[in-house]
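Let me begin by presenting the structure, written as structure tokens, before commenting on it.
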Ligand SMILES: [Zn+2]
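In the working numbering, the protein residues as written are 1 to 90.
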């Protein structure tokens, strides 16, 4: 067993956490919010085949990501859902 030091509140915005959740999900396991342990819902964007986990309880959401052969690739850390300020036109 590997011993990992605790680094604050785990969050789905961490690629490590997101990847672990995604792998568990793909393996058919029950996935839960890293913050409160409530079930996560997977939101699928069919047009772009990207995914996003959202907690059914607290609303904590992962960034938009794509599934890759060895994990996940985060597409949109600073997209419209996460940083509305970037939408401001100069
Ligand atoms: Zn939650």
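Backbone N, C-alpha and C fix where the C-beta goes; we use that ideal spot for every residue, glycine too. Quick caveat: nothing in here was measured; it's all calculated off a predicted structure.
| Asked | Found |
| --- | --- |
| Cβ-heavy atom distance, residue 30 to ligand 1, below 6 Å | no |
| Cβ-Cβ distance between residue 58 and residue 24 below 7 Å | no |
| Inter-residue spacing [alpha-carbon to alpha-carbon] between residue 50 and residue 30 | 20 Å |
| Quiz: which residues have CB nearer than 6 Å to ligand 1 non-hydrogen atoms | 33, 35, 36, 38, 55, 57, 58, 60 |
| Residue 20 in three-state terms, based on DSSP | helix |
| Spatial distance of residue 63 from residue 21 (CA atoms) | 13 Å |
| Where residue 34 falls, given that 16 or more other Cβ within 10 Å makes a residue buried | buried |
| Coil, strand or helix - residue 15 by DSSP | helix |
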